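Residue numbers (UniProt numbering): 1 to 408. Written below as structure tokens is the structure these notes are about.
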Amino acid sequence: MVHLLLEWRPALADQVDSGGSSPLHFASSDGDRTIVKAILRASPPSTVYKKDSDGLSALHVAARMGHRRVVKDMLRSYPDAAELRDGNGGTFVHAAARERRSSVVSLAISNSMLRGVLDAQDRDGNTPLHLAVAVGSTGDVEALLREGKVRADVLNNDGHTALDLAARSNAGFFATINLVVALVAFGARLRPQRQDRLEQWGGRDMVRKGIQNTSDSLAVVAGLIVAAAFAAGFNLPGGYGDDGKANLKHEIVFKTFLFLNTGAVATSMLAVALLVYGKASSHSDGSWKTFAAALHLLWVSLVCMMLAFQAALFSVATTRALTYGFLVVYMCIFILQVRIAKWLGPDTRLRTIWRFHWKGRHVDIKRQYPFANAFVVNVYLFTALSLLVPIGFEVMFLLGGRSIDTSS
């Protein structure tokens, strides 16, 4: 229908409504590439450069809605449209960064002809990096810094760098820390100011509230792990002999089960103690440290319980085929764990965290963002502990196979 209308009266493509929106604005908003291409063919070049009453061109509208292919088609037909500014002086990259449209931001980054647009400033002096930080989009921030090679030291009209805006963003605790780590890793600096007048980030209050809200739930989880491990300790795999001792007491896999089960109990009980102490502590730094330690211990207890369950199954497995079946099941569980950890874990890549650790100026950052360094250390520790799972699976598999060979 659109094609027929444009063939009948091409001038329709250049008409606007009371709000200044042209058919190209509406098509760009919907993301319909077929209609957009038809309008571009039928309309004069001036249609692409028309702005609505809010100062938005069709390119800005497509970028705001995250329609990457529409943006790409428009830039292919009219490359100089990338220089169009909205009512606030922002480019289409500003519009995409403000709305967290990572696909459009990555499109601009991948086009070498648009490198100048990446560092463009609007009327407030904000670059796309400023806006990405303001909305807490860690992925866009890291992409702009790593692949876009944008400047991280640009001051806006208020005299703020992108790193200054991290403390003012509406992002949560971990999102803000992710932003700080990514920015510092690529050389971002705070605005020049006296250190005694430095406004410290209010993350301490977030930490205190977060600990108060989650400590009870984590303590319940730790208690459940203790109960399950205690029950497993009295219901041993293979049962008991007439002498009251375990039938499999001489098996290596069974001894491994006892060791892991004991580890699950010990780490869970210690986690409960740390959670109680941290909740009662009035010092935010001490509360944060004990809470982080409790989280790691709780993760260790979960890993120990998972591996203990595997050891229990391997200790009673009668065939190698059954052992391989257990391995397949646990590898599926491990893949699921990796996906969940990626979903719930930090947005910042490990190589960016490594770069922060070696190239960041931690003295200045520690004053305003005191939890940034601790966050990096805990990410390293969590990653190391997570590696225990595949290693433990492999060890259990080898021990289980050896046990079956010995018994046969």
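For every residue, glycine included, the Cβ atom is placed at its ideal position computed from N, Cα and C. Just so you know, these numbers come straight off a predicted model, no measurement behind them.
What span of residues does the alpha helix (DSSP H) with residue i cover, start to end?
i: L183; result: F173 to A185
i: K249; result: It is not in any alpha helix (DSSP H) - K249 carries neither H nor E in the DSSP assignment.
i: S29; result: P23 to D30
i: L165; result: A162 to A166
i: D140; result: T138 to R146
i: D73; result: R68 to S77
i: V93; result: F92 to R98
i: L107; result: S102 to S110
i: T34; result: R33 to A42
i: P128; result: P128 to A134
i: A62; result: A58 to M65
i: V117; result: R115 to L118
Mind checking residue i: buried by the 16 CB within 10 Å criterion, or exposed?
i: T138; result: buried
i: N126; result: buried
i: F92; result: buried
i: N235; result: exposed
i: Y369; result: buried
i: K249; result: exposed
i: Q310; result: buried
i: I335; result: exposed
i: W8; result: In this prediction, W8 has a pLDDT of 45, which is less than 50 and means its spatial position is unreliable; nothing more can be read from the coordinates.
i: A264; result: buried
i: A227; result: exposed
i: P44; result: exposed
i: M74; result: buried
i: D17; result: exposed
i: V329; result: exposed
i: D158; result: exposed
i: N213; result: exposed
i: M65; result: buried
i: residue 422; result: With the chain covering 1 to 408 only, the question about residue 422 has no answer from this structure.
i: R191; result: exposed
i: F291; result: buried
i: S46; result: exposed
i: S112; result: exposed
i: V150; result: buried
i: R76; result: exposed
i: G136; result: buried
i: V377; result: exposed
i: P23; result: buried
i: F257; result: buried
Taking 8 Å as the threshold (C-beta atoms), are residue j and residue i in contact?
i: L183; j: A167; result: no
i: L163; j: A188; result: yes
i: V181; j: T34; result: no
i: G89; j: R123; result: yes
i: S152; j: V105; result: The question names Ser, yet the displayed sequence has Ala at residue 152. Contact: no.
i: S315; j: G238; result: yes
i: V117; j: V70; result: no
i: S301; j: I225; result: yes
i: F230; j: H296; result: no
i: A97; j: A132; result: yes
i: S217; j: K279; result: no
i: P128; j: H160; result: no
i: I211; j: G148; result: no
i: V253; j: A222; result: no
Any beta carbon of chain C sitting closer than 8 Å to that of residue i?
i: H160; result: Given the protein chain composition of this structure (a single chain), no chain C is represented.
Taking residue i and residue j to be in contact with their CB atoms under 8 Å, please state how far apart those CB atoms are, rounded to whole angstroms.
i: H25; j: D52; result: 6 Å
i: L385; j: W299; result: 6 Å
i: G19; j: H67; result: That belief does not hold up - the Cβ atoms of G19 and H67 are roughly 20 Å apart, past 8 Å.
i: A62; j: S28; result: 4 Å
i: A185; j: R355; result: 4 Å
i: S169; j: A134; result: 5 Å
i: D86; j: L56; result: 5 Å
i: L275; j: A219; result: 5 Å
i: L59; j: L40; result: Incorrect: roughly 11 Å between the Cβ atoms, too far for contact.
Would the C-beta of residue i count as close to the ligand NAP, meaning under 7 Å from any of its heavy atoms?
i: F174; result: As far as ligands go, the structure on display features none, and thus does not contain the ligand NAP.
Should the segment 380-392 be regarded as contacting the segment 302-310, the criterion being three or more beta carbon pairs within less than 8 Å?
-> yes
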